[in-house]
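The next block holds one structure in the form of structure tokens; read it before the comments.
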Ligand code: KIV
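Residue numbers (the working numbering): 2 to 272.
What follows is the structure, given as structure tokens:
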């Protein structure tokens with residue numbers, strides 16, 4: 002059973018205070034009990050149960066195939082581990098776009114069945130009605146602008162977004178509208194640092210960047226990428242804090258070798 006949000010140390014209110022004090026916010030993805038427990042112990046402020054699980058956990062090319070049942074499963078696993086951080090769950094593709102009633106049903110399912118603290122939704126003016134309806138039920142919403150991977154087939158590329166003036170202008174307008182609607186924070190993905198600075202300064206809610214530069218109020222990375230578990234993904238914004246691909250490989254190879262040679266198990270490893 003989860004600890005429940007009432008015992009949560011990090012709340013949406015606390016995040017707002019952190020922005021006001023100029024205290025940077027740390028956010029990382031997690032999708033399972035074991036790693037969420039370690040992330041919590043490390044002192045992270047926000048855990049995102051990201052739909053990037055579609056990529057790093059399930060091996061899909063895009064985030065589109067992951068289902069609401071799969072997101073709830075990941076979120077429940079994380080919630081069983083976590084005491085301090087705020088837990089935000091991505092609303093998966095197809096559960097909120099174009100149908101505000103369906104959006105409310107999806108968000109309520111996620112919150113009821115996972116007992117997480119908030120949901121995240123990709124997009125601006127196009128999904129505003131859904132955002133507003135969900136907020137009206139009392140569910141905290143985190144926005145997500147810039148590169149929005151659920152729209153990859155519209156963009157056609159994972160390149161930096163909002164380099165052109167018109168797109169930058171729309172992004173600022175969307176960010177302001179999301180804040181006005183009542184979102185408690187916004188993720189900005191893969192946009193120029195100067196634009197992210199402008200947005201962070203214009204908003205009173207926290208702006209969390211991924212590939213959006215140093216002026217954001219906080220940073221988020223995908224756990225598998227920052228651990229170096231995924232050695233085929235090397236965007237410029239990614240700082241690796243380990244080479245876990247090599248560590249795993251070494252451990253697995255040693256195990257195979259020990260089993261084959263009869264070295265494992267030895268006398269002290271048997272009953
Ligand atoms: O799904 C995810 O991991 C995300 C982050 C990239 C912000 O949305």
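Cβ atoms here follow ideal geometry from the backbone N, Cα and C, with glycine treated the same way.
Query                                                                                                                                                : Result
Out of 86, 140, 58, state which residue places its alpha-carbon closest to the alpha-carbon of residue 12.                                           : 86
Pull up the DSSP beta-bridge partners for residue 186, would you.                                                                                    : 143
Give the secondary structure of residue 62 by DSSP, where H, G and I count as helix, E and B as strand, and everything else as coil.                 : coil
How long is the line joining the alpha carbons of residue 171 and residue 256, rounded to whole angstroms?                                           : 54 Å
In this structure, does DSSP put residue 91 in helix, strand or coil?                                                                                : strand
In the DSSP assignment, the beta strand (DSSP E) including residue 21 goes from what residue to what residue?                                        : Taken as a continuous stretch (DSSP letters only), residue 21 belongs to no beta strand (DSSP E), being part of the alpha helix (DSSP H) at 13-22.
So the alpha helix (DSSP H) residue 108 belongs to, where does it begin and stop?                                                                    : 101-115
Near residue 61, which residues of its chain fall below 6 Å by C-beta distance, leaving aside the five closest residues on each side in sequence?    : 55
Measuring only the C-alpha atoms, how far is residue 261 from residue 267?                                                                           : 13 Å
Classify residue 30 as helix, strand or coil using the three-state DSSP reduction.                                                                   : strand
Helix or strand or just coil, what does DSSP make of residue 211?                                                                                    : strand
With distances taken between CB atoms, is the gap from residue 218 to residue 15 smaller than 9 Å?                                                   : no
Give a yes or no on whether the C-beta atoms belonging to residue 203 and residue 177 are separated by under 9 Å.                                    : yes
Between which two residues does the alpha helix (DSSP H) harbouring residue 121 extend?                                                              : Premise fails: residue 121 lies in the beta strand (DSSP E), 119-123, not in any alpha helix (DSSP H).
Ordered along the chain, which non-local residues of its own chain (more than five positions away) have a Cβ less than 7 Å from that of residue 285? : Since the first residue of the chain shown is 2 and the last is 272, residue 285 is not available in this structure.
Report whether the distance from the Cβ of residue 235 to the nearest heavy atom of the ligand KIV is below 8 Å.                                     : no
If you measure between the beta carbons of residue 124 and residue 148, is that distance less than 9 Å?                                              : no
With 16 other CB atoms within 10 Å as the buried threshold, where does residue 162 fall?                                                             : buried
Thinking just about the alpha-carbon of each residue, which of 131, 190, 84 is nearest to the one in residue 96?                                     : 131
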